[in-house]
Every structure is written in structure tokens, then in C-alpha cells.
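*Asks:* Let me begin by handing over the structure; questions about it come next.
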Amino acid sequence: LKYEPNSNTVTLDGMSCKPISTLEQESVVGLPLTKPLTLQVYNINGVPLEGIDVMFELDGNGGHFPGRKSKFKTVSNKKGEASAHFQLDSHIGERKIQAYIADKDDDKLTFLVSGTPGPPARIEQLGGNHQSGIIGQVLPNPFSLCVYDSFNNPIPNHLVSFVVTKGDGKFVNMSEENNGVHTNGFLGRLKSSIVSEKIRLEVITDKEGIVEVSFILGETPGFNQVTTVADGLGKMPVIFDAMATPEEERRRGRRRHDD
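Reminder that position 55 of the sequence shown reads as 55 in the numbering used here, one-by-one numbering, no gaps.
In C-alpha cells:
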């Protein structure tokens with residue numbers, strides 16, 4: 001068919017396609033894309049073509065098209081547009097989807113779909129609990145934890161609060177004069193403050209969803225406790241505890257060892 005300006009006849013010569021939706025999209029894992037993947041089929045004169053078979057094909061894993069298929073075939077409409085709805089699976093990261101005219105698989109568009117973690121579902125304590133140390137000293141190991149979504153994906157850039165709920169300890173590199181300043185002692189960005197006479201530290205998880213906080217025991221011997229809560233998980237706190245012992249007790253232990 002050849003295109004004639006004064007007729008309804010449209011040529012299929014030079015048939016090609018271009019993206020209508022953005023080539024890079026993002027969605028929370030386990031959910032569909034908010035907008036379908038869409039392209040337009042047109043001829044050599046730029047005229048949209050209706051009734052053309054179009055294929056959308058997922059490269060590898062990462063989700064599915066309607067019918068839980070990795071491939072989806074559809075037909076262009078009057079605007080020359082063809083669309084496919086895509087559902088992400090539970091894994092974070094990038095998916096590659098190729099779209100092409102059914103009879104021209106050598107001319108493909110590539111859509112990149114990124115899966116991001118869902119809302120926080122749980123906190124896992126990684127280390128630092130049940131320690132002991134000398135009053136006024138930094139505990140040997142930092143308090144560390146990881147925040148996960150419901151699919152066990154770690155959540156980066158998520159706010160976690162540490163509050164001293166028992167004892168008179170404090171967090172390393174923290175001072176009232178130095179609120180909100182980045183320090184080398186933590187994996188995340190820090191903001192510290194004194195709230196209702198309780199020492200509170202807010203930390204942002206790193207790219208692996210982890211936070212680490214070093215703790216200095218106070219000058220009073222006895223039990224210390226830090227309560228940790230991730231933003232959105234106020235009813236699921238994680239508790240760290242530590243015992244502060246006097247310097248004299250360490251000296252007695254050394255003498256017994258020497259004897």
C-alpha cells in the first residue's frame with residue numbers, strides 16, 4: 001500500500017515503533033506498574049498504524065504479563081498504540097522487557113523496570129546485644145540491625161531511632177552542639193537530640209538496609225538498655241542491653257588472672 005494524502009489508504013512501508021511511555025519505570029515489588037508499557041507503531045511517513053501485532057517479552061525473570069506469562073501479544077489501536085500491563089515479582093532490582101512489531105523482531109525497544117522494596121515489615125538484630133564493659137568505655141561491638149520488607153528485601157534509606165531507655169550511656173560522636181552532623185563512626189546519616197530527658201539518635205539505613213551504632217557506657221555501674229524502632233514499625237521495637245562494670249572489677253579480674 002502507498003500513502004496518498006487525499007485517501008484513506010496508508011502504506012506499511014518503513015514500519016517502525018517508538019516508545020510512548022518512559023523507557024525506565026519503577027515500582028514497589030509485588031505490585032503492577034502504575035502505568036502500562038506503551039509504544040506506537042507508524043510507517044515511513046510517520047502515520048500511526050492500526051491492527052499491527054506487537055510483542056512484549058520479559059528477558060529472564062522478575063514478573064509477568066496478564067495470564068502470568070513472560071510474553072504478551074497485543075494489537076495496535078487507532079492511534080497506533082499498543083500497551084502491556086506488567087506485574088513485578090518479589091525481588092528488587094532491574095528487569096529488562098523488549099517490545100517489537102511481531103514481524104520485525106530485529107527492531108526492538110527495551111524497557112527497564114526497577115523493583116524497589118516495599119514498606120517495612122520487620123527488623124532483624126544483627127549484633128551488639130548482651131555486651132558488658134567498663135563504665136565510661138565504648139562497647140566492643142556496635143549495635144547493628146537490618147530493616148526488611150514483607151518479602152525479606154533490605155530497605156535502604158530508612159529511618160531508625162535509637163533511644164537510651166535505661167542507664168546513663170550515650171552514642172559515639174554524639175553531642176548537643178553537633179546535632180545532625182555527619183560522622184565517620186556510623187554507616188548512615190545521623191541526627192541526634194535530647195528528647196524528654198532521654199538520649200535519642202536517628203540513623204538512616206545504608207544501601208544494604210543496615211544501621212550500626214556505637215555506644216558509650218555511662219559512669220554509673222549497672223544495666224543499660226537501648227530501644228530501637230524503625231519508622232513505620234512503632235509496635236515492633238528491638239532491644240539492646242549491656243552491663244556497665246566498675247574499673248575496680250576489671251582490675252580484680254586481672255589480678256586473679258595473674259595469680
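Cβ coordinates follow ideal geometry from the N, Cα and C atoms, glycine included.
Can you give me the Cβ contacts of Q261 inside the same chain, cut-off strictly under 6 Å, excluding the 5 residues immediately before and after it?
*Replies:* Nothing in the structure corresponds to residue 261, since the chain is present only between 1 and 259.
*Asks:* Which word fits H130, buried or exposed, when buried means at least 16 other C-beta atoms lie within 10 angstroms of its C-beta?
*Replies:* As a working note, residue 130 is residue 130 in the sequence shown. It counts as exposed.
*Asks:* What does a CB cutoff of less than 6 Å around F162 pick up in its chain, not counting 5 residues either side in sequence?
*Replies:* Counting from 1 along the sequence shown, the entry for residue 162 is found at position 162. Cβ within range, chain order: L201, V213, V226, T228.
*Asks:* Assuming P154 contacts L233 under a Cβ cut-off of 8 Å, what Cβ separation, rounded to an integer in Å, is found between them?
*Replies:* To locate residue 154, count along the sequence shown from 1; it is residue 154. To locate residue 233, count along the sequence shown from 1; it is residue 233. Wrong, their Cβ atoms sit about 14 Å apart, outside the cutoff.
*Asks:* If you pair each beta-carbon of the segment 80-88 with each one of the segment 61-70, do three or more pairs fall below 8 Å?
*Replies:* Verdict: yes, contact present.
*Asks:* Note down, in chain order, each residue of its chain lying with its Cβ closer than 7 Å to the Cβ of L31, except the 5 sequence neighbours on either side.
*Replies:* Counted from its first residue, the sequence shown places residue 31 at position 31. Closer than 7 Å at the Cβ level, and outside the excluded window around L31, lie L88.
*Asks:* Can you tell me whether DSSP reads E247 as helix, strand or coil?
*Replies:* Within the sequence shown, residue 247 is the residue found at index 247, counting from 1. Here E247 sits in helix by DSSP.
*Asks:* Along the chain, where does the beta strand (DSSP E) containing L112 start, and where does it finish?
*Replies:* Taking the first residue of the sequence shown as position 1, residue 112 is located at position 112. Run containing L112: 108-116, per the beta strand (DSSP E) assignment.
*Asks:* Kindly provide the ranges of any beta strand (DSSP E) runs that are 3 or more residues long and lie completely inside the segment 18-51, ordered along the chain.
*Replies:* Within the segment 18-51, the complete beta strand (DSSP E) runs of at least 3 residues are 24-28, 37-42.
*Asks:* Since N224 is in the beta strand (DSSP E), which residue starts that stretch and which ends it?
*Replies:* Looking up residue 224 in the sequence shown gives position 224. Counting along the chain, the beta strand (DSSP E) containing N224 begins and ends at 222-230.
*Asks:* Run through the segment 135-180 for me and flag every whole beta strand (DSSP E) of 3 or more residues, listed as ranges in chain order.
*Replies:* You should have 143-149, 159-166.
*Asks:* According to DSSP, is D241 part of a helix, a strand, or is it coil?
*Replies:* As a first step, residue 241 must be located in the sequence shown, where it is residue number 241. Residue state, collapsed to three classes: strand.
*Asks:* Going by beta carbon distance, what residues of the same chain come within less than 7 Å of E124, once the five residues before and after it are set aside?
*Replies:* Counting from one through the sequence shown, the residue named residue 124 turns up at place 124. Closer than 7 Å at Cβ, skipping near neighbours: L145, C146, Y148.
*Asks:* To the nearest angstrom, how far is the alpha carbon of V138 from that of L217?
*Replies:* Residue 138 sits at position 138 when you count from the first residue of the sequence shown. Residue 217 sits at position 217 when you count from the first residue of the sequence shown. Spanning the two alpha carbons is a distance of roughly 6 Å.
*Asks:* Considering Cα atoms alone, identify which of K166, C17, I199 is closest to D105.
*Replies:* In the sequence shown, residue 105 corresponds to position 105, counting from 1. Per the Cα distances, C17.
*Asks:* Tell me the DSSP secondary structure of H261 in three-state form.
*Replies:* Because residue 261 is not part of the residues shown, which for the chain are 1 to 259, the question remains open.
*Asks:* By Cβ distance below 8 Å, which residues in the same chain neighbour K198 in space, the five residues on each side in sequence not counted?
*Replies:* One-based indexing of the sequence shown puts residue 198 at position 198. Result list for K198: V163, V164, T165, in chain order.
*Asks:* Return helix, strand or coil for H64, following the three-state DSSP convention.
*Replies:* Here residue 64 is taken as the residue at index 64 of the sequence shown, counted from 1. In this structure, H64 counts as strand in the three-state DSSP scheme.
*Asks:* Please state whether DSSP places A102 in a helix, a strand or coil.
*Replies:* Residue 102 sits at position 102 when you count from the first residue of the sequence shown. If DSSP states are grouped into helix, strand and coil, A102 belongs with coil.
*Asks:* Just to confirm, is the Cβ distance from V54 to I101 under 8 Å?
*Replies:* For the purposes of this step, residue 54 is taken as residue 54 along the sequence shown, with counting starting at 1. For the purposes of this step, residue 101 is taken as residue 101 along the sequence shown, with counting starting at 1. Taking 8 Å as the Cβ cut-off, V54 and I101 qualify as a contacting pair.
*Asks:* Tell me which residues share the same chain as L109 and place their Cβ nearer than 8 Å to its Cβ, disregarding the 5 neighbours each side in the sequence.
*Replies:* For the purposes of this step, residue 109 is taken as residue 109 along the sequence shown, with counting starting at 1. Closer than 8 Å at the Cβ level, and outside the excluded window around L109, lie C17, K18, P19, L23, L39, Q98, A99, Y100.
*Asks:* Here's a check: name, in chain order, each residue in its chain whose Cβ is nearer than 6 Å to the Cβ of G167, leaving out the five neighbours to either side.
*Replies:* Locating residue 167 in the sequence shown gives position 167, where the first residue counts as 1. For G167, where only same-chain residues beyond five positions count, the Cβ hits under 6 Å are G218, N224.
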